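Here the protein sequences come in this chain order: V and Z.
Quick note: the first sequence uses numbering that gives the first Met the number 0, first residue 0, plus one each step.
Quick note: the second sequence uses numbering that gives the first Met the number 0, first residue 0, plus one each step.
The beta-carbon is built from N, C-alpha and C at its ideal position, and this holds for glycine as well.
What you are looking at is a predicted structure, and each value in this text was computed from that prediction instead of being measured.
Taking it in order: structure first as structure tokens, then the write-up.
Number of protein chains: 2
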Amino acid sequence: MTKVSITELTPGTMLERSADVFGSKTAIVYEHTALTYEEFRQATIRTARALLASGVRPGDRVAYLMPNLPEMLIAHFAVPLIPAVLVAINTRLSGPEIEYILDHSGASILVVDSALHPVVADHLDGRPELREVVVLHDPASGAGPVASHTSFDEFVARGSDEPLPFAVDDEERTISINYTSGTTGRPKGVMYSHRGGYLNAIAELIHSNHVPESVYLWTLPMFHCNGWCTTWAVTAIGGTHICLRAPEPGAIWKAIREHGVTHLNAAPTVLVSMVNHPDAGPLPQRDGNPFVVTTAGAPPSPTIIAQMNELGAKMVHVYGLTETYGPYSICEPQPEWADVPLEERVRLMARQGVAFIGADPIRVVDEDMNDVPRDGETMGEVVMRGNNVMKGYHDDADATERAFRGGWFHSGDLGVWHPDGYIQLRDRSKDIIISGGENISTIEVEQAIVSHDAVLEAAVVAMPHEKWGERPIAYVTLKPGASAEPDEIIVHVRDRLAHFKAPDVVEIVDQLPKTSTGKIQKFVLREPLWANRETRIN
Amino acid sequence: MTKVSITELTPGTMLERSADVFGSKTAIVYEHTALTYEEFRQATIRTARALLASGVRPGDRVAYLMPNLPEMLIAHFAVPLIPAVLVAINTRLSGPEIEYILDHSGASILVVDSALHPVVADHLDGRPELREVVVLHDPASGAGPVASHTSFDEFVARGSDEPLPFAVDDEERTISINYTSGTTGRPKGVMYSHRGGYLNAIAELIHSNHVPESVYLWTLPMFHCNGWCTTWAVTAIGGTHICLRAPEPGAIWKAIREHGVTHLNAAPTVLVSMVNHPDAGPLPQRDGNPFVVTTAGAPPSPTIIAQMNELGAKMVHVYGLTETYGPYSICEPQPEWADVPLEERVRLMARQGVAFIGADPIRVVDEDMNDVPRDGETMGEVVMRGNNVMKGYHDDADATERAFRGGWFHSGDLGVWHPDGYIQLRDRSKDIIISGGENISTIEVEQAIVSHDAVLEAAVVAMPHEKWGERPIAYVTLKPGASAEPDEIIVHVRDRLAHFKAPDVVEIVDQLPKTSTGKIQKFVLREPLWANRETRIN
Numbered sequence: 000m001t002k003v004s005i006t007e008l009t010p011g012t013m014l015e016r017s018a019d020v021f022g023s024k025t026a027i028v029y030e031h032t033a034l035t036y037e038e039f040r041q042a043t044i045r046t047a048r049a050l051l052a053s054g055v056r057p058g059d060r061v062a063y064l065m066p067n068l069p070e071m072l073i074a075h076f077a078v079p080l081i082p083a084v085l086v087a088i089n090t091r092l093s094g095p096e097i098e099y100i101l102d103h104s105g106a107s108i109l110v111v112d113s114a115l116h117p118v119v120a121d122h123l124d125g126r127p128e129l130r131e132v133v134v135l136h137d138p139a140s141g142a143g144p145v146a147s148h149t150s151f152d153e154f155v156a157r158g159s160d161e162p163l164p165f166a167v168d169d170e171e172r173t174i175s176i177n178y179t180s181g182t183t184g185r186p187k188g189v190m191y192s193h194r195g196g197y198l199n200a201i202a203e204l205i206h207s208n209h210v211p212e213s214v215y216l217w218t219l220p221m222f223h224c225n226g227w228c229t230t231w232a233v234t235a236i237g238g239t240h241i242c243l244r245a246p247e248p249g250a251i252w253k254a255i256r257e258h259g260v261t262h263l264n265a266a267p268t269v270l271v272s273m274v275n276h277p278d279a280g281p282l283p284q285r286d287g288n289p290f291v292v293t294t295a296g297a298p299p300s301p302t303i304i305a306q307m308n309e310l311g312a313k314m315v316h317v318y319g320l321t322e323t324y325g326p327y328s329i330c331e332p333q334p335e336w337a338d339v340p341l342e343e344r345v346r347l348m349a350r351q352g353v354a355f356i357g358a359d360p361i362r363v364v365d366e367d368m369n370d371v372p373r374d375g376e377t378m379g380e381v382v383m384r385g386n387n388v389m390k391g392y393h394d395d396a397d398a399t400e401r402a403f404r405g406g407w408f409h410s411g412d413l414g415v416w417h418p419d420g421y422i423q424l425r426d427r428s429k430d431i432i433i434s435g436g437e438n439i440s441t442i443e444v445e446q447a448i449v450s451h452d453a454v455l456e457a458a459v460v461a462m463p464h465e466k467w468g469e470r471p472i473a474y475v476t477l478k479p480g481a482s483a484e485p486d487e488i489i490v491h492v493r494d495r496l497a498h499f500k501a502p503d504v505v506e507i508v509d510q511l512p513k514t515s516t517g518k519i520q521k522f523v524l525r526e527p528l529w530a531n532r533e534t535r536i537n
Numbered sequence: 000m001t002k003v004s005i006t007e008l009t010p011g012t013m014l015e016r017s018a019d020v021f022g023s024k025t026a027i028v029y030e031h032t033a034l035t036y037e038e039f040r041q042a043t044i045r046t047a048r049a050l051l052a053s054g055v056r057p058g059d060r061v062a063y064l065m066p067n068l069p070e071m072l073i074a075h076f077a078v079p080l081i082p083a084v085l086v087a088i089n090t091r092l093s094g095p096e097i098e099y100i101l102d103h104s105g106a107s108i109l110v111v112d113s114a115l116h117p118v119v120a121d122h123l124d125g126r127p128e129l130r131e132v133v134v135l136h137d138p139a140s141g142a143g144p145v146a147s148h149t150s151f152d153e154f155v156a157r158g159s160d161e162p163l164p165f166a167v168d169d170e171e172r173t174i175s176i177n178y179t180s181g182t183t184g185r186p187k188g189v190m191y192s193h194r195g196g197y198l199n200a201i202a203e204l205i206h207s208n209h210v211p212e213s214v215y216l217w218t219l220p221m222f223h224c225n226g227w228c229t230t231w232a233v234t235a236i237g238g239t240h241i242c243l244r245a246p247e248p249g250a251i252w253k254a255i256r257e258h259g260v261t262h263l264n265a266a267p268t269v270l271v272s273m274v275n276h277p278d279a280g281p282l283p284q285r286d287g288n289p290f291v292v293t294t295a296g297a298p299p300s301p302t303i304i305a306q307m308n309e310l311g312a313k314m315v316h317v318y319g320l321t322e323t324y325g326p327y328s329i330c331e332p333q334p335e336w337a338d339v340p341l342e343e344r345v346r347l348m349a350r351q352g353v354a355f356i357g358a359d360p361i362r363v364v365d366e367d368m369n370d371v372p373r374d375g376e377t378m379g380e381v382v383m384r385g386n387n388v389m390k391g392y393h394d395d396a397d398a399t400e401r402a403f404r405g406g407w408f409h410s411g412d413l414g415v416w417h418p419d420g421y422i423q424l425r426d427r428s429k430d431i432i433i434s435g436g437e438n439i440s441t442i443e444v445e446q447a448i449v450s451h452d453a454v455l456e457a458a459v460v461a462m463p464h465e466k467w468g469e470r471p472i473a474y475v476t477l478k479p480g481a482s483a484e485p486d487e488i489i490v491h492v493r494d495r496l497a498h499f500k501a502p503d504v505v506e507i508v509d510q511l512p513k514t515s516t517g518k519i520q521k522f523v524l525r526e527p528l529w530a531n532r533e534t535r536i537n
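Structure follows, in structure tokens:
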């Protein structure tokens, strides 16, 4: 029987509708080019056809290594259309890290920005499943074209304008794999479904107050959780995407004023760079509606919330993980907060809040999966479930099973539950450092450090940083009789990992604080670093 | 395996979230009572528990015959919670019509407002599956309590506060059955699913610009498509429901000013009564946002759109049928319309438009299911498909198959497709008359007329009516030698059907215009009635 009453949910239908309804409206702006929604659809079909002509088949993985360019946005519709799986790789990773993701995902095609090509140039040969590398040359990058691979123009020329149905055969099919920063040393491939992408995009749309008049600035990298599903959400409502190669504060302010931006998403660290920039000033207000800033990636400090409010921003504070399609919870403002003094209000707003519309209730649980008391004091682990939780880790059933133990996704984040039902993060059980919105696995950095011949043990923790929120600091013990300078260890890490993961400070110590069973007590190292801060960041 | 990544979609989760997040906020206001969201949840659980204690089992039908009271809204969550099926009956139907619906749906319980009890009093005995009748006494109705049945208080006292999970085992399960006006003489039971109710509510929420600050006035009957799924949508966003026993224009204006209403849904006829009422005046604007009026049920005239705009309303014009959960399409405003002269703009706005977010594209097709040209002239039938289309007709596989032929739902509405992709209704192939937002089946009225001994044949068509939009007029031929007065025939119909279905005018004629195959040519009767109208309503 034809399913007259059921259409499988897929973000693809979001582009189809906006192209049907807002065909002549500006969909994407970048530098001196602009695409209408009809052109957006045509570019999507042409790219999808090019992928098919290049031998990509349903379920194959297609990797993109690219900043927030129109082609990256188009890939969010073109790859699922055929229906393949998008792997949008973090552009800040090092060659070996990207190599690992290419191999683990088994990507058959890599599309790479020519300015990023040098990072991976030495890591493209001998990949078992990588059949072709396509290089996009963006003149605005300053980098030249790369002759040794297929150019993006050649690639797209393989396509055609022959329509493809904006539909999927099964809404639980994987739409994308987004790699975590790897809390156990290796990144894990988080699988999103078409259904999950659709429902999360709709929730984003509601909670960030998007309207067809939205002009959305791409400060948030699209490789983070597919831009928190905003790639799909802004397209669904028929808003205008303003692409930006790099979220530098000067470029952000310029774009806001030039394009009449109404919405942006950003980690608190980007907001800090914005408010401290000489170009900072009142944010535009559309027809009396406030400029909407949706923030996540790290708990925003009350200070930055208050500063953004002063510039005219309505702050939407959300929280989630790669495993939850980006945002899962929102600090939903209560009517009575309007009467609360500013200082108290921003403190309330700095909490991680309650589940999104469409998400199952968020919980804070003890080790037996019982709710912790709602006292704002008892710590527990934050767990989630439902349509806003990943399908699982790609090709890692063990890790999936561990993460899903007890029928809930275990975030690894520790928090408390307040009497009003709002949750608040207190610590991260996995000791992840969030630097400029990027996750840094301390374990990964520690492993890089201990690979130095002179090092015995290492413990990396987060230290507060005005610009980046957090930066890694390493406490290192040396092997008996060995010697090494801190700078030498930093260089050693930079040779092995993305530069932003290397610690800013290395302290050589005689011994590390440990529990009786020999486990390093990181909190002993961390506490003095944070104790003197006027306001706790969490 | 536990489905960590999938939660079955159900509107139930919408109430759960708002009770969790906005527990102390006002959810429902009626006369002198107000319920918070936590109280809304508790009342829902208590009612659901009372249904269970009364022997209602999953899948059983529970009928409500009630105006827009808090208990009717609560039923939209309580009945699906256990999970039974809500049958909200049109309060304007006659006893025999309600009797038919009770029998056809096989409702095991009927909950009826004491003021409506007299309509059904003689039709409650001998119903094969109806086990119990519960009568709610609303003092504001002016009617007294009814002692002969279970009182609502007794019924609810059977319940308890023991929690029930706001979840459903299968999102494709039936959540409600909404009866059509019966285009082939008998009403058909349109089955909605939990998934469809959820997705449509979300779409309503987006297109009607609902926000947590929404104060929604219940002018639209909840028995119409579960209030176009707004019962669930306003609850999802955490807005405030203002209940109203009868949508009289004086009461509407009073409620708007008393409660700071921000949103309402209404058929154009209700809007006409509003603008022509002595209390009419500027509509309140929340923080500079326009008052939102979502209209459907009949094509709104450009005149009423312009009049509502003048009072400060943003008009959201939507179109759909009972079979499409209420609204399926929206006349989405285009940016360039802002520069179009008012007269032209309201003409554009009076079209039925494009599919909702979440709905499959709407089509106008010829008899072979091919798209008609987008010329604004070629007529075809409007067809729909996907998550916003009913599961089918309850206990009527034949009618379902006919309605779903070719893999699409056939609306029976005739329309044209404009070059900009917007559809516009031109006629109704089923000859339905829409009077004051209520559908009247001409076939049903004709059958009532011909049941009069003196009548040979009858043809009922719509004539224009300033207040109700359309009213039925009957052309009647008499049996040879028989005689009957028009008034006598009108009384005959009123004895058999809801009074509003009786024709305003009966004309006794010698013969009816017919095709060569003997089919009555209704358009020949209709055209002269509509030809002199300055503006076509469609």
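In this structure, V:G94 lies near V:V118, with their beta-carbon atoms less than 9 Å apart. The Cβ-Cβ distance between Z:A87 and Z:T43 does not fall below 9 Å.
Counting along the chain, the unbroken alpha helix (DSSP H) around V:M71 starts and ends at P69 to L80. For V:K253, there is no enclosing beta strand (DSSP E); the enclosing alpha helix (DSSP H) covers residues P248 to H258. Going by DSSP, V:I27 is part of the beta strand (DSSP E) stretching over T25 to Y29.
Closer than 9 Å to the CB of Z:L14 there is not a single CB belonging to chain V.
In this structure V:S140 is in contact with V:D112, their Cβ atoms being roughly 7 Å apart against a cut-off of 8 Å. Between the alpha carbons of Z:M389 and V:T9 lies a gap of roughly 20 Å. Between Z:V371 and Z:P360, the CB-CB gap reaches or exceeds 9 Å. Taking each of V:E335, V:T321, V:G287 and V:T323 in turn and checking the Cα distance to V:A312, the smallest one comes out for V:G287. Taking 8 Å as the upper bound for CB-CB distance, V:D168 and V:E37 are not in contact here, some 26 Å apart. With fewer than 16 other beta carbons inside 10 angstroms of its own, V:V504 counts as exposed. At a cut-off of 9 Å, the C-beta of Z:F290 has no neighbouring C-beta in chain V. Judged by beta-carbon spacing, V:V415 lies within the 9 Å limit of V:D374, meaning their Cβ atoms are closer than that value. Closer than 9 Å to the CB of V:D59 there is not a single CB belonging to chain Z. Three or more beta-carbon pairs drawn from the region 14-26 of chain Z and the region 230-240 of chain Z are found closer than 8 Å, and the two stretches are therefore classed as touching. For V:E437, the uninterrupted beta strand (DSSP E) run begins and ends at E437 to I439, by DSSP. Excluding its 5 nearest sequence neighbours in each direction, V:V523 has C-beta neighbours in its own chain below 7 Å: P512, listed in chain order. In the DSSP assignment, Z:G94 falls within the alpha helix (DSSP H) that extends over G94 to S104.
For V:H498, the number of other beta carbons within 10 angstroms of its own is below 16, and it is reported as exposed. One thing to note: Z:N369 has its Cβ no nearer than 9 Å to the Cβ of Z:L198. Contact annotation, V:A74 with V:L92: C-beta distance approximately 18 Å; criterion of less than 8 Å not satisfied. Scanning the region 326-390 of chain V for uninterrupted alpha helix (DSSP H) segments of 4 residues or longer gives 341-348, listed from N- to C-terminal end. Proximity of the region 298-317 of chain Z to the region 243-257 of chain Z falls short of the contact definition, fewer than three beta-carbon pairs being nearer than 8 Å.
In the structure shown, Z:F39 falls within a helical segment according to DSSP collapsed to helix, strand and coil.
By the neighbour-count definition (other C-beta atoms within 10 Å, threshold 16), V:N67 is a buried residue.
The beta-carbon of Z:L424 is placed no less than 9 Å from the nearest beta-carbon of chain V. Within the same chain, I81 come within 7 Å of V:L51 by CB-CB distance, once the 5 residues on both sides are set aside. Shown here for Z:T377: same chain residues with a beta carbon closer than 7 Å to its own, the five before and five after excluded, namely V371 and V415 in chain order. For Z:P485, the CB contacts under 6 Å within the same chain, skipping 5 residues up- and downstream, are V505 in chain order. Look at Z:M13 here: in three-state DSSP terms it is helix.
Annotation note: the region 448-509 of chain V contains the following uninterrupted alpha helix (DSSP H) runs of length 4 or greater, listed N- to C-terminal: 485-493.
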